[in-house]
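The next block holds one structure in the form of structure tokens; read it before the comments.
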């Protein structure tokens, strides 16, 4: 994973936090075993797609903190990130201990 994170993080960025989440379709999660790694840097959030062996796939998504409109967290393990352009990114299955940090960090970056 370390090499995959280095490939998507800019030289002047600092990685603040790294955790694992689900956020793909049910089919991708159940049949293929794919998950996402959530990489929080000092300037953006990066979602890396992981295969069943937790190896990074070539697909990733990034969210600049300034493009985040709102963060919602329900009682379960779901965090919804609403973007200013209207897109919504769902992150599910983040460990409770990590979820609080991720939610707080995204909220602070979105302001």
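Numbering (my numbering), first residue to last: 15 to 125.
Ideal placement from N, C-alpha and C gives every residue a C-beta, glycine not left out.
Please state the DSSP three-state secondary structure of residue i.
| i | result |
| --- | --- |
| residue 20 | helix |
| residue 75 | strand |
| residue 109 | coil |
| residue 59 | strand |
| residue 126 | Limits of the chain in this structure are 15 at one end and 125 at the other, which puts residue 126 out of reach. |
Suppose contacts are defined by Cβ-Cβ distances below 8 Å. Is residue i in contact with residue j by that definition?
| i | j | result |
| --- | --- | --- |
| residue 106 | residue 122 | no |
| residue 56 | residue 22 | no |
| residue 65 | residue 71 | yes |
| residue 32 | residue 51 | yes |
| residue 95 | residue 113 | no |
| residue 74 | residue 63 | yes |
| residue 35 | residue 82 | no |
| residue 87 | residue 117 | yes |
For residue i, which residues in the same chain have their Cβ closer than 6 Å to its Cβ, ignoring the five residues on either side in sequence?
| i | result |
| --- | --- |
| residue 54 | 30, 31, 119 |
| residue 78 | 58 |
| residue 98 | 81, 83 |
Exposed or buried, residue i, counting other C-beta atoms within 10 Å across all chains shown (16 or more means buried)?
| i | result |
| --- | --- |
| residue 49 | buried |
Go through its chain and collect everything with a Cβ distance to residue i's Cβ below 7 Å, but skip five positions before and after it.
| i | result |
| --- | --- |
| residue 27 | 55, 56, 57 |
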